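Residue numbers (my numbering): 45 to 417.
The C-beta atom is built at its ideal place from N, Cα and C for all residues, glycine as well.
Please read these numbers as outputs of a predicted model, since none were measured by experiment.
To start, the structure itself, in structure tokens.
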Amino acid sequence: MSQVRIRINSFLGRATASSLCRVFFDCMAAQRGRCRPTFCNIKITFIPCVALFFLFLGSSCTKQQKTILFRYANEQPIGAIRSQSMLFFETELEQRSEGRIKVELYFGGVLGYERELQDLVATGTLQGTRGGFHADANPKFNLLGMPFLVDNWDQAIRLVNSDFVQKINREATKNGFHIPATGISQGFRAHTNSVRPITHPDDLKGLKMRVPMMEVYVRTALAFGANPQEIPYSEVYQALQTGVVDGQDNAVSNIWDFKVYEVSNYLTITNYATGPDPLMVNLSWYKNLPDDLKPIFDEVSRETIALSDKMNRESEQDYIDKISTHLETNLVEGDALEPFRQAVQPVYAYFIERGIFTQEDVDRARAAARRDS
45 MSQVRIRINS FLGRATASSL CRVFFDCMAA QRGRCRPTFC NIKITFIPCV
95 ALFFLFLGSS CTKQQKTILF RYANEQPIGA IRSQSMLFFE TELEQRSEGR
145 IKVELYFGGV LGYERELQDL VATGTLQGTR GGFHADANPK FNLLGMPFLV
195 DNWDQAIRLV NSDFVQKINR EATKNGFHIP ATGISQGFRA HTNSVRPITH
245 PDDLKGLKMR VPMMEVYVRT ALAFGANPQE IPYSEVYQAL QTGVVDGQDN
295 AVSNIWDFKV YEVSNYLTIT NYATGPDPLM VNLSWYKNLP DDLKPIFDEV
345 SRETIALSDK MNRESEQDYI DKISTHLETN LVEGDALEPF RQAVQPVYAY
395 FIERGIFTQE DVDRARAAAR RDS
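In structure tokens:
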């Protein structure tokens with residue numbers, strides 16, 4: 045056990061060996077039903093616990109090899125565009141750093157759901173992630189997920205590359221994160237459900253709709269009249285299959301990658317929102333990089349996010365076409381969108397009243413998105 049503690053200490057830095065051991069053995073106990081899961085009644089699985097445990101043990105090897113290890117995880121499967129772009133990141137960063145940085149990638153939620161991955165990056169157990177809990181890095185990221193903030197891909201691309209969003213990235217250092225680049229979270233969101241077609245906000249009233257576990261999406265669902273259910277996305281298929289929820293909304297790439305079309309009847313395209321996709325990096329890890337490696341890391345990160353955005357944009361219609369072979373599809377556009385726009389106005393008031401962002405921030409974001417349109 046003493047050797048284990050030495051190895052654990054060499055990896056964690058801020059965390060103690062004893063706390064790490066408690067995490068591992070608490071997970072084991074939870075698997076046997078002896079402790080309560082700690083987040084939203086999510087079942088803690090054996091595989092993430094074991095995977096994390098061996099992550100901890102592997103740190104001594106990293107030190108001996110004198111390489112800098114960057115461990116990254118996201119919940120999407122390896123075939124998803126987010127994951128594919130990170131394979132580019134791995135290859136390019138290792139090559140351009142001449143092997144001084146080694147990248148380890150973990151896909152498909154093997155180390156936990158997005159909430160857990162975010163916490164692991166915050167504590168330094170992981171070095172990076174991409175996912176939905178970006179408000180932990182900076183609450184102003186909520187603004188980028190607001191309904192009808194942007195109208196199309198051109199506007200979304202301009203916004204995430206604007207000085208306004210670069211400032212949001214920089215401000216994340218206050219919360220312990222380095223964000224070298226922010227992109228678009230897999231494209232525009234669409235609704236699926238098994239009850240009825242959705243062509244007006246009234247069609248959403250009373251439907252149990254799974255939404256991401258983020259306040260901006262919960263508030264938007266409530267404004268539409270839906271009954272939002274916060275469920276990790278990797279559990280949505282079963283929730284739809286068993287009738288726990290009536291429907292969900294997400295980017296069409298996720299609807300396809302997680303096979304949601306198999307347990308739904310209707311697809312509705314409103315393009316009502318997208319969201320930010322920042323690469324969130326543990327700030328302490330980044331600060332400890334040698335000065336000559338920091339610009340290399342940032343450059344590869346920017347290229348990775350740009351590649352992800354390009355792939356998502358180019359594939360979005362293809363995903364819609366494929367899903368439409370399985371589901372009745374309704375495209376809501378033009379004047380038919382106006383009731384949806386009106387329904388979500390209270391969402392803006394909610395966040396402004398709570399000081400998450402200001403009306404000036406909203407105006408600046410819209411101006412940045414539309415500056416050349």
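Just mark residue i as buried or exposed, buried being the case when its beta carbon has 16 or more other beta carbons within 10 Å.
i      : result
Lys184 : buried
Arg415 : exposed
Ala393 : exposed
Asp365 : exposed
Thr173 : buried
Gly399 : exposed
Pro334 : exposed
Asp336 : exposed
Arg224 : One detail in the question is off: residue 224 reads as Pro in this sequence, not Arg. Counting Cβ neighbours within 10 Å, Pro224 comes out buried, since at least 16 surround it.
Asn332 : exposed
Ile91  : Unreliable positioning characterises Ile91 in this predicted model, as indicated by a pLDDT of 46, which lies under 50. The coordinate reading is nonetheless provided below. So Ile91 counts as exposed.
Asn196 : exposed
Thr318 : buried
Ala411 : exposed
Whole angstroms are fine: how far does the CA of residue j sit from the CA of residue i?
i      : j      : result
Leu327 : Gly250 : 43 angstroms
Phe341 : Gln361 : 32 angstroms
Asp21  : Thr369 : Absent from the structure is residue 21, since the part of the chain shown begins at 45 and ends at 417.
Val194 : Gln128 : 26 angstroms
Phe302 : Gln199 : 27 angstroms
Gly156 : Glu119 : 7 angstroms
Glu382 : Thr167 : 44 angstroms
Gln285 : Val307 : 6 angstroms
Glu142 : Ile349 : 21 angstroms
His235 : Gln139 : 41 angstroms
Ser229 : Ile122 : 16 angstroms
Ile242 : Ala380 : 11 angstroms
Val165 : His244 : 40 angstroms
Val260 : Lys354 : 25 angstroms
Val48  : Gln282 : At Val48, the pLDDT of 32 sits below 50, so the modelled position is not reliable and the matter cannot be decided from this model.
Thr264 : Val391 : 6 angstroms
Asn374 : Gln403 : 33 angstroms
Pro320 : Lys110 : 35 angstroms
Val296 : Glu215 : 31 angstroms
Met258 : Phe177 : 7 angstroms
Give the secondary structure of residue i by DSSP, where H, G and I count as helix, E and B as strand, and everything else as coil.
i      : result
Gln230 : coil
Val289 : coil
Thr243 : coil
Thr173 : strand
Asn182 : coil
Asp301 : helix
Tyr277 : helix
Asn213 : helix
Phe69  : For Phe69, the predicted model reports a pLDDT of 33, less than 50, meaning its position is unreliable; a value from the coordinates is still stated below. Residue state, collapsed to three classes: helix.
Cys105 : Reliability of the predicted coordinates at Cys105 is poor, the pLDDT of 43 falling under 50, and the value obtained from them is presented with this limitation in mind. Looking at Cys105 - three-state DSSP - the assignment turns out to be helix.
Leu193 : coil
Tyr316 : coil
Ala267 : helix
Bridge partners for residue i per DSSP, in chain order?
i      : result
Pro272 : Met253
Ala117 : Tyr150, Thr173
Leu155 : Answer is none; Leu155 lacks a bridge partner.
Val37  : The chain is shown only over 45 to 417; residue 37 falls outside these bounds and no answer can be derived.
Leu28  : What the structure shows of the chain is the stretch from 45 to 417, and residue 28 is not part of that stretch, so it cannot be assessed.
Ala295 : Arg233
TODO: Tell me the start and end of each unbroken beta strand (DSSP E) in the stretch 331 to 396 that is at least 3 residues and wholly inside, in chain order.
DONE: 372 to 375
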